[in-house]
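Numbering (full-length UniProt numbering), first residue to last: 1 to 260.
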């Protein structure tokens with residue numbers, strides 16, 4: 001409603017009639033009245049007053065028209081006298097002469113501008129030919145191709161070197177790998193905490209040992225511990241089960257991991 005009141009082409013008076021209230025219509029209307037009757041009084045003025053206003057406006061309009069017509073008449077009289085003093089053919093001849101001079105000046109100016117533009121264009125073309133980027137581009141492309149070829153050669157050389165070093169490392173690792181040792185018939189025995197068994201003092205009777213073979217594990221229990229002397233006599237060369245002072249110290253049991 002407020003938008004419609006604001007956009008209306010007809011003058012609108014807002015007269016709700018509640019002085020304590022202010023509506024949105026009061027802000028967008030052309031005029032606000034405290035009551036509808038007050039609005040009627042505002043829009044319904046005295047007829048005599050309106051007539052006086054109309055007569056006054058008519059008088060002002062007539063005076064303005066008289067002044068305008070008088071000024072136009074004076075202007076027309078001045079122009080008429082000037083035309084009488086100066087014959088139109090003479091003025092036309094003078095204007096034609098001035099126009100011809102202007103044409104000549106314009107033609108000379110245009111030709112001069114065209115010549116200067118052609119000279120600037122020639123100089124610009126010469127500079128562009130001097131700074132033509134095409135040869136530089138060709139040289140840069142050739143340089144890039146050379147660098148790419150060198151880079152490819154370097155990469156192939158480094159790759160071949162790395163492959164050779166990798167092959168040597170693999171060969172070395174295979175030579176020192178415990179798996180290769182196991183494949184030759186040896187075994188590796190470790191105690192319960194995973195430490196490799198190297199000396200008899202690392203174990204005691206009743207300890208469980210795990211022996212890694214080529215194809216699996218063997219878990220055994222220590223029954224007896226004997227230390228081999230450095231000087232070996234005939235007794236030490238005899239089989240273990242035939243010695244008088246030794247008995248077999250290992251009891252082979254299946255590995256728990258195999259039972260799973």
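Glycine is no exception: its CB is placed at the ideal position from the N, C-alpha and C atoms.
Enumerate in chain order the residues of its own chain whose CB-to-CB distance from residue i is below 6 Å, with the five nearest sequence positions on each side excluded.
i          : result
residue 31 : 13
residue 1  : none
Excluding the five sequence neighbours on either side, which residues of its own chain have a C-beta within less than 8 Å of the C-beta of residue i, listed in chain order?
i           : result
residue 188 : 178, 181, 182, 196, 211, 212
residue 17  : 34, 35, 36
Can you tell me the Cα-Cα spacing of residue i and residue j, whole angstroms?
i           : j           : result
residue 185 : residue 176 : 15 Å
residue 129 : residue 161 : 49 Å
residue 107 : residue 86  : 31 Å
residue 42  : residue 6   : 20 Å
residue 28  : residue 49  : 28 Å
residue 204 : residue 224 : 8 Å
residue 83  : residue 69  : 21 Å
residue 133 : residue 147 : 21 Å
residue 163 : residue 137 : 38 Å
Starting from residue i, trace the beta strand (DSSP E) both ways and give me its first and last residue.
i           : result
residue 184 : Per DSSP, residue 184 belongs to no beta strand (DSSP E) and is neither H nor E.
residue 220 : 217 to 222
residue 209 : 208 to 212
Which first and last residues belong to the alpha helix (DSSP H) in which residue i is found?
i           : result
residue 177 : Unbroken run through residue 177: none, as it is neither H nor E.
residue 201 : Looking at the DSSP string, residue 201 is not in any alpha helix (DSSP H), and its letter there is neither H nor E.
residue 44  : No alpha helix (DSSP H) contains residue 44, which DSSP labels as neither H nor E.
residue 22  : No alpha helix (DSSP H) contains residue 22, which DSSP labels as neither H nor E.
For residue i, which beta-bridge partners are listed by DSSP?
i           : result
residue 227 : For residue 227, which the question treats as bridged, DSSP gives no partner whatsoever.
residue 13  : 31
residue 196 : 190
Flag this pair as touching only if the segment 50 to 59 and the segment 33 to 42 have three or more C-beta atom pairs under 8 Å; answer yes or no. no
Do three or more CB pairs link the segment 217 to 227 to the segment 196 to 209 at distances below 8 Å? yes
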